[in-house]
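One structure is given here, and the rest of the page talks about it.
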Amino acid sequence: MTGLRKLYENNFLDFASYVIKERAIPDAADGLKPVQRRILWSMSEMDDGRFNKVANVIGHTMRYHPHGDQSIGAALVSLANRNFFIDRQGNFGNVLTGDEASAPRYIECRLTQMARDILFNNETTDFGVSYDGRNKEPVVLPVKVPVVLLLGAEGIAVGMSTKILPHNFNEVLNAQIASLRGEEFQLFPDFIQGGAVDVSAYGDGCGKVKCRARIERRGNKKVAITQIPFGTTTESVIASIEGATRKGRLKISSIDDYSTDRAEIEITVARGVSADETIQRLFTNTDCEISHTANMVVIMDGKPVETTVSGLVEYSANSLKNLLKRELELEISGLQDRLHWMTLEQIFIENRLYKAIEECATLDDVRTTVSGSLVPFLEDYKREVTIEDTDRLLALKIRRISRFDIEAHRKEIGDIKAKMRAARKKLKHL
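Here numbering that gives the first Met the number 0 is used: the first residue of the sequence shown is 0, the next is one more, and so on.
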């Protein structure tokens, strides 16, 4: 029994850890669950500017995600309907009415320009091995904004759950800027469904919000719901109204749904009941008013952590600084490599050092001669000339040497030095 108990304990811990880190809880570093990250990464690999069939994207994502096509398809449609990272073509359903998307073979998608700009950079991305060992995938994407606050997240894992409400894009960016400047900020949820929201008990993402529909009076006998609360659809709102009517808590004559890309549920009130009374009863007895309790659990540094809105913004701001530092260091390194080569090329061609190799009999003699001929011109040069450098000089074609433009070359070297100064200045004041 002791061995069996130990087996259960180990297997349960493995299962719990897997569900928490690999399925249900988003990573604070890029704000994405694994399935979302794998979808976006697959789309970046497929990206040529044109739309791809969603079915093809799902198939490509299955190289990285081991949980089947349906979970990938549902996550892709949900991500696309957030309107941040995926352009849509075709019927992706309706978040207002609850209508489902068409089959994956009939709809198409591609990355938005914003996704290309802020989600991907192979030079600053750490990669791990996929579940079957055949491919490499990002551990996290090098995201420059707190994506989890934009998208929101909801998931249930072993012993914990998370519910992060979505926020307004501009307000999130302003909060991140304020955090970088050391200023105070406040950030509250924002919902694409519209409606009114009471955030007095939000508590920096650890409390609850109360969401209400927008209801208009249309004369004495009709009211219209023009915006619905977050977490509902027109279908679920109508179902709750019909349920309240059957229970005698609400008196109406008819209900009609005219919703398209905007919600519009028109209700005719019963005889002897005022429109104002009906509106109050709608808030009291139906899904025209609901509450959401936030519980901000994310993966930070490989572990689940309960955090706050301000905590996520500050974490993202610090990650952004580290990411920008890494990008600037890589930029400077690349410019240094380019400057090194252009300097050697200029010296080699301007001073006609290639003539010194005419009497050399072997490749080693050629290399030694080229390296030696460069020495007088590089007395104040800190970087060592390698065998690769000499081989690259020896590979220069006659056409390149004969058409070498000294002034254009010097101008390009000056431009590189200016870019290096600008990058170093940014790095110094980061």
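For glycine and all other residues, C-beta sits at the position ideal for the given N, C-alpha and C.
Are the beta-carbon atoms of residue i and residue j separated by less than 8 Å?
i: residue 168; j: residue 149; result: yes
i: residue 46; j: residue 95; result: no
i: residue 433; j: residue 280; result: This structure gives no information on residue 433, because the portion of the chain shown stretches from 0 to 429.
i: residue 215; j: residue 231; result: no
i: residue 107; j: residue 92; result: no
i: residue 416; j: residue 319; result: no
i: residue 181; j: residue 163; result: no
i: residue 134; j: residue 201; result: no
i: residue 311; j: residue 422; result: no
i: residue 342; j: residue 356; result: no
i: residue 154; j: residue 24; result: yes
i: residue 27; j: residue 196; result: no
i: residue 242; j: residue 146; result: no
i: residue 264; j: residue 254; result: yes
i: residue 123; j: residue 137; result: no
i: residue 206; j: residue 293; result: yes
i: residue 384; j: residue 393; result: no
i: residue 190; j: residue 165; result: yes
i: residue 251; j: residue 227; result: no
i: residue 304; j: residue 186; result: no
i: residue 430; j: residue 273; result: Past the boundaries of the shown model lies residue 430; the chain is included only from 0 to 429, so the question cannot be answered.
i: residue 44; j: residue 66; result: no
i: residue 366; j: residue 386; result: yes
Figure out for me which residue from the options has the closest Cα to the Cα of residue i.
i: residue 428; options: 218, 125, 327; result: 327
i: residue 419; options: 343, 330, 357, 370; result: 330
i: residue 236; options: 289, 376, 320, 306; result: 289
i: residue 73; options: 63, 38, 44, 51; result: 38
i: residue 112; options: 105, 87, 123, 134; result: 87
i: residue 81; options: 192, 154, 22; result: 192
i: residue 258; options: 234, 372, 78, 250; result: 234
i: residue 170; options: 156, 188, 254, 260; result: 188
i: residue 353; options: 390, 321, 76; result: 390
i: residue 409; options: 344, 325, 359, 360; result: 344
i: residue 300; options: 314, 293, 307; result: 314
i: residue 262; options: 132, 268, 229, 272; result: 229
i: residue 85; options: 425, 304, 48; result: 48
i: residue 50; options: 105, 132, 238, 22; result: 105
i: residue 425; options: 252, 323, 199; result: 323
i: residue 41; options: 115, 83, 370; result: 115
i: residue 411; options: 67, 340, 332, 76; result: 340
i: residue 295; options: 306, 359, 302; result: 306
i: residue 287; options: 386, 238, 321; result: 238
i: residue 198; options: 396, 291, 269, 160; result: 291
i: residue 156; options: 132, 22, 173; result: 22
i: residue 268; options: 217, 302, 256; result: 217
i: residue 373; options: 362, 360, 388; result: 388
i: residue 302; options: 370, 361, 159; result: 159
i: residue 382; options: 332, 396, 407; result: 332
Check the DSSP bridge columns for residue i and list the partner residues they point to.
i: residue 427; result: BP columns for residue 427 are empty, so no partner.
i: residue 298; result: 26, 303
i: residue 279; result: Looking at the DSSP assignment, residue 279 forms no beta bridge with any residue, so it has no partner.
i: residue 226; result: 213
i: residue 195; result: 211
i: residue 221; result: 267
i: residue 292; result: 207
i: residue 412; result: Residue 412 is not bridged to any residue.
i: residue 253; result: 267
i: residue 375; result: None, per the DSSP bridge assignment.
Chain E beta carbons: is any one of them nearer than 8 Å to that of residue i?
i: residue 263; result: Of the protein chains in this structure there is only one, and it is not chain E.
>> Quick test of the definition: if touching needs 3 or more C-beta pairs under 8 Å, does the region 131-147 touch the region 104-119?
In response: yes
> On the three-pair Cβ rule with 8 Å, is the region 29-36 touching the region 87-101?
Replying inline: no
>> Could you tell me which whole alpha helix (DSSP H) segments of length 4 or greater appear in the region 11-79?
In response: 33-45, 53-60, 68-79
> What are the start and end residues of each continuous alpha helix (DSSP H) run of 4 or more residues lying completely inside the region 83-166, in chain order?
Replying inline: 112-117, 146-150
> Touch check for the region 53-63 and the region 177-192: three-plus C-beta pairs under 8 Å?
Replying inline: no
> Can you find at least 3 beta carbon pairs, one from the region 274-288 and one from the region 205-213, that sit closer than 8 Å?
Replying inline: yes
>> Does the region 399-406 come into contact with the region 343-354, if we say contact requires no fewer than three beta-carbon pairs (one atom in each stretch) closer than 8 Å?
In response: yes
>> Runs of 4 residues minimum, wholly inside the region 379-409: which ones carry the alpha helix (DSSP H) assignment?
In response: 386-393, 397-401
>> Runs of 3 residues minimum, wholly inside the region 304-333: which ones carry the beta strand (DSSP E) assignment?
In response: none
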